[in-house]
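The opening position of the sequence shown corresponds to residue 34 in the working numbering, with each subsequent residue numbered one higher. For glycine and all other residues, C-beta sits at the position ideal for the given N, C-alpha and C. Note that the structure is predicted; figures quoted are calculated from it, not measured. This report concerns only the one structure given below.
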Amino acid sequence: MSDRTELSLRIVGGELPGRACGEYRDVHVAVQRAREPDGAVPADAAEAVWEFTVETVRAPDGTRDFRGAYVHGRRGARFLYLTWGELPPGGAFTMFRRAKLFLDDLPEPALDRGAAEGRLGLTDACGMPLCAAVRPPRIRWT
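What follows is the structure, given as structure tokens:
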């Protein structure tokens, strides 16, 4: 692998919780790009799909690191955010919770290929939008 390569990511979320969850209305989910939601999907959709690219970098010690507008966290613990918010018609996205998808969980063969897909359910055990740290087996990376 060269020092820098592109990694194509596809995130597929199913089992969305619905537009009304607890006290929240007009619920949408998006992947977070820098500080902004990107590709907001209504939480009553059949599924949510996002496709984007991040950069992988080989550090001098041989470990892999991730960079780009969708990448958050410190080196060695990088992740993607799925951000949940209210998005009323004509209004602005108001975030109320997020889920972290950790990039160090990506399988090595997918990294070597330069493409990975993550599949996960987006509703927690209480029927609310999935939040907090999401790791396998809750997300299945291929």
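Following the continuous beta strand (DSSP E) through R91, name the residue where it begins and the one where it ends.
-> 81–91
Return the chain-ordered list of same chain residues with a C-beta closer than 6 Å to the C-beta of D71, the five sequence neighbours on each side being excluded.
-> A63, V64
With DSSP as the reference, please indicate the residues paired to V45 in a beta bridge.
-> V82, R152
Go ahead and pull the three-state DSSP assignment for E56.
-> coil
Round the Cβ separation of E88 and G101 to the nearest angstrom and send it over; I've been treating them as touching at under 8 Å.
-> 5 Å
Below 8 Å between beta carbons: does that hold for P162 and W117?
-> yes
Inter-residue Cα distance where the pair is L49 and A79 = 7 Å
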